[in-house]
Amino acid sequence: MYRPNYWMATLLAAAAGASAAPMNYAVNVVATHEIDEASAELANAFGIPSISRTDTSATFSLEEIDGGVYRLTFLTASQQTLAGDAVIPDVEKVGDFLPGRWLEFAPWTLAEGGVKRAPDFVKDSEEISYNLLALMLFPPGGPKAALWRGGARAAAARSYGVSVISMEAAEAQPLPAFEGEESEQVEFSVVFNQKLSQDTSYSAMKGRCSYEGAGTVVPAPDGLPAYARLDVAGTRDRSYIIAGKQRDLAEHIGTSIKLVREGYELPAEWVAAEEVTAE
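Spelled out as structure tokens, the structure:
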């Protein structure tokens, strides 16, 4: 998939840049939710719009702190949700709790969920999956694929919302280039699954999600992404026990993640024609 001279330049640059300064990235996650028709009545009772879109943006620094171990530190974060004619700013309040928080991981530790967090980093965003982000930063088939040590698999857990626990499993496989085609970009497929649970004084919830999709990464000379895109779609089913009665909620979800390194620009064809701005 790579031209030989590109591989050589990439490996030399990676060796020379092993102790380089942190790299800054911007990530944007656009998630669209559509309630299944059979769940419309329950969603209405819960105050959940039938169709919504959440746009979450963040910047972070990525620093290699020890032979393949990286520290990711969030610098800024913002969010807004479109539901009908309403524009709702920062439902998750990511602007309050993400900036300044960091986590450390090595790709080969993620198969077992191995992540070290800042002591005060106890809440996550529903929209930013560290597993999917890691697959974009270190894609299978890319210059740093060997850091996974046996397959690109990630299973870091998250906690978000009101006591929601998300046990996740993501796996990626490289996609072959079209016959006769040479490209500097890396393409891969992704399967992502979640098991959800929540216990509050009011209700208990169990859920399951399954998403599939594909990603594209264009590496910088040091082997880390210059820019990347990942699109996944699937379904989420949740069952709530409220006052002893079970209520089921199903929805279809599509998520598009774009990542770009400081000093680079996303390709024009990746930039959405519709820009969402809060008023």
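Heads up: the sequence shown begins at 1 in this note's numbering, then just goes up one per residue.
The C-beta atom is built at its ideal place from N, Cα and C for all residues, glycine as well.
Applying the 10 Å Cβ sphere with the 16-neighbour rule, what's the burial state of residue 85? exposed
By the three-class DSSP mapping on this structure, what secondary structure does residue 110 have? helix
Tell me residue 131's beta-bridge partners as DSSP assigns them. The partner list for residue 131 (beta bridge, DSSP) is empty, contrary to what the question assumes.
Determine the burial state of residue 96: buried for a count of at least 16 other Cβ atoms within 10 Å of its Cβ, exposed for fewer. exposed
Excluding five sequence neighbours on each side, which residues of the same chain lie with their C-beta closer than 6 Å to the C-beta of residue 242? For residue 242, where only same-chain residues beyond five positions count, the Cβ hits under 6 Å are 203.
Which whole-angstrom value describes the C-beta separation of residue 92 and residue 125, a residue pair presumed to lie in contact below a C-beta threshold of 8 Å? 5 Å
Ignoring anything shorter than 3 residues, give me the beta strand (DSSP E) runs that lie fully in the stretch 5 to 86, in order along the chain. Qualifying beta strand (DSSP E) stretches, in chain order: 23 to 35, 51 to 66 and 69 to 83.
Enumerate in chain order the residues of its own chain whose CB-to-CB distance from residue 205 is below 6 Å, with the five nearest sequence positions on each side excluded. Here the set comprises 198, 238 and 240.
Just to confirm my understanding: we take residue 154, look at its own chain, exclude 5 residues before and 5 after, and list those with CB closer than 6 Å. What are they? 110, 131, 134 and 170
Taking residue 262 and residue 28 to be in contact with their CB atoms under 8 Å, please state how far apart those CB atoms are, rounded to whole angstroms. About 14 Å separates the two Cβ atoms, so there is no contact after all.
So residue 138 and residue 101 are supposed to be a Cβ contact under 8 Å. How far apart are they, rounded? Between residue 101 and residue 138 the Cβ distance is about 21 Å, and since that is not below 8 Å, they are no contact.
Reduced DSSP secondary structure (H/G/I, E/B, other) of residue 243: Residue 243: coil per DSSP, three-state reduction.
Assign residue 217 to buried or exposed, taking buried as 16 or more other Cβ atoms, counted over all protein chains shown, within 10 Å of its Cβ. buried
Bridge partner(s) assigned by DSSP for residue 202: Residue 202 pairs with nothing; no bridge assigned.
Residue 35 burial status per 10 Å Cβ neighbour count (16 or more: buried): buried
Relative to the ligand FMN, is the shortest distance from any of its heavy atoms to the C-beta of residue 33 smaller than 7 Å? This structure lacks the ligand FMN, and indeed carries no ligand of any kind.
Once you ignore the five residues that flank residue 112 on each side, which residues in its own chain have a CB closer than 7 Å to its CB? Result list for residue 112: 155, in chain order.
Is it right to say residue 186 is buried, meaning 16 or more other beta carbons lie within 10 angstroms of its own, or is it exposed? Its Cβ being crowded by 16 or more others within 10 Å, residue 186 is buried.
If you compare alpha carbons, which of 45, 94, 43 and 46 is closest to residue 59? Relative to the Cα of residue 59, the nearest Cα in the group 45, 94, 43 and 46 belongs to 94.
Considering only the alpha carbon of each residue, which of 80, 114 and 83 lies closest to residue 70? 114
Secondary structure of residue 233, DSSP reduced to three states: strand
Beta-carbon proximity of residue 201 to residue 235, cut-off 8 Å: no
Which partner residues does residue 261 have in the DSSP bridge list? 25
In three-state DSSP terms, what is residue 207? strand
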